[in-house]
Structures are given as C-alpha cells and as structure tokens.
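Adding 962 to a residue's 1-based position in the sequence shown gives its number in the numbering used here. In this text, a Cβ means the ideal position worked out from N, Cα and C, and glycines have one as well. In what follows, a single structure is set out as structure tokens and then discussed.
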Amino acid sequence: MHIDAIYAWIVTIDPTTTSTDFTGQSEQNSADIDFYDALLNKAKRKKLPSPSMSSPSKRQRLEDSDPFVDCDATPRRPVTSAPDSILSNSAPSFDIPGSTAHSTAPTSVFTEILASRPHFANQQSRQPRSPSPSKQYKKRNDLLRLDYPVRFTPEKNLRAALPSDAHDLYDALVTAEYCEAILPAALKDVPGLELPDTRPYMWQQADKTTDNRTNISIVDKNSRFQEIIERSNESSKLRRSEAAWNSHVHWHILSQLAETSSVRVEDITSARIVPRFRPCFTASDDFPDETGSSSTGSYSTNSNTSASRVNTAKSVHKMVDFALVLEPDQDLAAIIERLTKFPHDATVNQTAYFPLKNRPAPVFIETKTAAGNGETADVQLGIWIAAWHGSMRSLMKRGGMVERIITVPLIQVTEGRWTVMFAVDAGSEIQIAYRDFKIGSSDGPIGMYQLQAALLAITKWMEGAYKTWITRVVSRALAQPQVSQEKS
C-alpha cells in the first residue's frame, strides 16, 4: 500500500481518545495509542508532502459520542426501495452499519464527492429519428405524388384497357383463370389418384405420342404438387410469417413452375433501387424548401423547373420479394455486358443487385400473409415498377427511342392465392390496371395446375415478345457513339 494512503488512514484515528475501549482492556488500548503515535511520527519523517503538492484529503474523525462505530467494518450501501430510480438518484450516504443511532459526524470530503455523483452517467436524451421516406407512404394515393405518378385503375373490361402488346398474354392468362385444359390427360389413368371438383373442360386432350417416361414425369410432378399443398395449408394453419411462406411454399412453386432454360427465379428481398432511378415524392406542403437545383430520380431538374417539384423532392425505396429474370442468349448477353460495364452501378434493370445487373427482369412478385396490408403491398409494387420504368426510359432515351414501354405483368400473392395486374405506360403516368384476376392457388390440386398454366404463359411471353423488345432497346442504346449513364 502507498505510504500516502497509510498516512491518510492514520490521521483519521484520534490517538488521544482514551474514553472508549474497543477491546475491553485498558492496557491494550494504551499500547495501541503508543503504537499509533510511533507509526504516525515515522510516516511523517519518511515522506512529508512538498510545498507544491497538497496532502491527501482527510476523512474527518468521528465524534467520541458514538462508541459503537467499528472503524474497520466495510461500508455497505443500504437497499433502496425504488430500484427503478437507480439512474436518476444520487448515491446513498455511507452510514456505517452497526450503529444504534444515526451518527451526527460530518461526512468526509470523499463521501461528499461520491454522494454527489449519480450511479451511472446521465443518458443523453435522443431526438426521435424522422421516419424513412419509404415508410411514410403506405397508400395508393401517395403514389400519385410521385414525380412520375403511379395510378391503380380498376377495370371491368381489363383486356380493352390494355395496349395491344399485352393481349396475347392476357388471353393465355384468362384461359388459366378459367382452368381450361390445365390437367394432363395422363393423370386419368393413375390408380388411386383423386382430383376433386374436376370438369371435362379442365382435361387436356390425350396425346398418343406421349411415352411412358413422360407419363412418369407427370405423376412425379403431381406428387411434388401434393407436398407443396401440404406445406401451404400447414403454413396457413400455423400463421407463418411472410418470410416463412416464401421459403416453405412460394420459392418451391416458382422454381418448379416458372423456371425454363432461359427463365430463372430470383429472391430479390436484398435488392436496392439504384439512387438515380428511385422515384421521388414531390409535395410542397410536406417538405421544407431548399435552394438550388436538384435531381429527382432519373430526371435532372434545373432552375426552370417549378420550385414545388425541385425543392421538395424526396426519394423513396421499396423492395419486393421475387423476380422472373431472362437468361440472355450469347448475343444479348454480350450487348448487355458492354452496356453495363461502366459505371459501377450500371444495370439493365433498376437495381445493381448482381443477379439482376446483366439479366433483364420484367416480372416482379410481391407476397404477403392474410394479416398483411394489401395496400402496402400495392405501394411496394408501384414504387418498384416506377423505378423499372425510369431505367427503361433512360435506356430508350439514350437510343433515341420515342415509344411506349412494353406492358408487363405484376403478381401479388396473398398466402396461397395468386393474382395478376398489368403495368401500362400511359405517357404522363404509369397505370396499373387490375381486376380480381386469380391465376392459381397452392391450397389444392386444381389451383396448382391452374398456376402451372399461368406461369407457363408468362415464361413464354418473356422468351418471346419481351425478349424481342428488350433486345431492340439495349441494341439501340449501345449503338450510340457515347455510352454513359445519365448523371443524377
């Protein structure tokens, strides 16, 4: 122990006190006093404080009127009755246990310092974070405030509301909707197989060229369908989360029914919209004014743009669950690779997420549970397709193309129920035309075969009409003398 500490301890003891015999023996008390005097004098001779160094703070001696104080006892903090006030109350006083009466002795300097300190440092008050722009807007009407508005339009005659480039796909999906010729004829001859509620128009015509291997494959697929149906019904019964539905049910459906040699399924819950393609909300009453020009999504604005649109822009960002991507052939892949080589976030879509960077993705799928908010899911799809349109406009502008962006399907999944909408380029805005358009479900065999027919129609459209269109767009963009991303 340091000599100063010993010195500070010794001076707190009154060597002249003889009225109290702590041991009960006067001879021992006298010896103790002599010992203390000798030790004190020795300590002072060995190390006296220099004029420039003040002596350690000394604990004031206790009053002689308190004979029951044990100077060697360890002070202990009294138990408080309000544990929840530990962060705000000061430290308790160091009353020495064992005393029958409260001591009137003045507290020492050390005790005063300790008592003035809180148990823990005061926590800094935190200002509440402002909500993320992507979380402020959860209704369809909010999308009308986008720089390039997205409008959901219910249609009684959906086919008539769609451009001609979507009619073939629409007709094929209607066939699936009404379950026309969705059941393989080979299932009729499978012993013990039950398909309830079937109608004659649901069965395909028997193909005499079908061999035994094909029939076995059809039966095996039906067995896999039964496993998916069981998982789906179990997920509904257990009220699984959206993520659990995606991994237990939806991924298996898409991987089995939507994947071909040139179409793949991607989980894009980790994908982020490239900043220059993020749509912007513009509402002068919501956002503070700022001076100077700004950029809104893929559009650059200047001083001639109205202040209400320039100074109040606030980008948003929403994610969806899955995408159907086109695996480009060798020629198309070479064009896209050259087009997306620079800069680092160059992409053929609206996201630089690597699986979608060089593979065109025209079909997006948003999933939710029965307890989820359907309007929020609409907003997520609306923002995602608005960003995709921004990317397509950028490519088309670079290639000097002035025409309508191709109409694409959007898929919503509520637990086991699958529905489709269409995103239409309406010039000054994006219209999402819809009705109650069910294309399948995972709660029974008829719904699974219905879904198989619908996804087959979508993949054929991707391999045909969409592939032709995107090849023309990227080829025209690459043909320009200077290929560079537009500055945001």
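| Asked | Found |
| --- | --- |
| Exposure of ALA1314, with buried meaning 16 or more beta-carbon neighbours within 10 Å | buried |
| Pair within 7 Å by beta-carbon distance, LEU1286 and VAL1325 | yes |
| Whole-angstrom C-beta distance between ALA1128 and PHE1399, which should lie under 8 Å | The pair is not a contact, with the Cβ atoms about 12 Å apart (cut-off 8 Å). |
| Nearest-angstrom Cα separation, counted from VAL1181 out to ALA1323 | 32 Å |
| Stretch-stretch touch, CB-based, cutoff 8 Å, three pairs: the region 1156-1163 with the region 1190-1209 | no |
| Close beta carbons around ILE1373, own chain, < 6 Å, minus the five adjacent residues each side | ILE1327, VAL1382 |
| Helix, strand or coil at GLU1175 according to DSSP, with G and I counted as helix | A quick correction: the sequence has Arg, not Glu, at residue 1175. Residue state, collapsed to three classes: helix. |
| For MET1383, the residue or residues it bridges with in DSSP | LEU1372 |
| Rounded Cβ spacing between ALA1439 and LEU1301 (contact assumed at less than 8 Å) | 6 Å |
| Inter-residue spacing [alpha-carbon to alpha-carbon] between LYS1319 and ASP1405 | 35 Å |
| Proximity winner among SER1353, PHE1187, THR1137, MET1281, relative to LEU1155 (alpha-carbon distances) | PHE1187 |
| Element boundaries [beta strand (DSSP E), containing LYS1330] | 1325-1330 |
| Rounded straight-line distance, which links the Cα of VAL1436 to that of GLY1361 | 8 Å |
| Segment limits, beta strand (DSSP E) that includes ARG1226 | 1225-1229 |
| Of the listed residues LEU1417, ILE1230, HIS1214, TYR1110, nearest to ALA1138 (C-alpha basis) | LEU1417 |
| Own chain residues within Cβ distance below 7 Å of TRP1346, not counting five before or after | LYS1280, VAL1282, PHE1326 |
| Per DSSP, cross-strand counterpart(s) of ARG1113 | GLN1393 |
| Boundaries of the alpha helix (DSSP H) in which GLY1409 is found, first to last residue | 1407-1423 |
| Contacts around ALA1415, its chain only, beta-carbon distance under 6 Å, and the 5 residues preceding and following it disregarded | ALA1138, ILE1144 |
| The region 1328-1348 / the region 1200-1209 touching (three or more Cβ pairs under 8 Å) | yes |
| Buried/exposed call for ARG1121, threshold 16 Cβ in 10 Å | exposed |
| Integer Cβ distance of VAL1136 from GLU1391, believed to fall under 8 Å | At roughly 26 Å, the Cβ-Cβ gap does not stay under 8 Å, so VAL1136 and GLU1391 are not in contact. |
| Where VAL1287 sits in the DSSP three-state scheme | strand |
| C-alpha distance - GLU1117 paired with GLN1393, whole-angstrom precision | 11 Å |
| Start and end residues, alpha helix (DSSP H) containing ILE1297 | 1292-1301 |
| CB-CB length for THR1433 against PRO1125, believed under 8 Å | Contact doesn't hold; Cβ gap of about 19 Å is too wide. |
| With 16 other Cβ atoms within 10 Å as the buried cut-off, status of THR1171 | exposed |
| CB contact flag (ARG1366, ASP1340, <7 Å) | no |
| Per DSSP, the bridge partner or partners of LYS1400 | THR1381 |
| Residues near ILE1297 in its chain [Cβ-Cβ closer than 7 Å; skip 5 each side] | VAL1436, SER1437, LEU1440 |
| CA-to-CA distance, GLU1289 to SER1223, given in whole angstroms | 8 Å |
| Among GLY1352, TYR1411, SER1403, nearest to GLY1389 - alpha-carbon criterion | GLY1352 |
| Chain-order list of residues whose beta-carbon lies under 8 Å from that of LYS1100 (same chain, five-residue window excluded) | ASN1335, GLU1337, THR1338, VAL1341 |
| Other residues of its chain near GLU1142: CB distance less than 6 Å, five sequence neighbours each side excluded | TYR1163 |
| Nonlocal neighbours in the same chain, by C-beta distance under 6 Å from ASN1177, ignoring five residues either side | ALA1148 |
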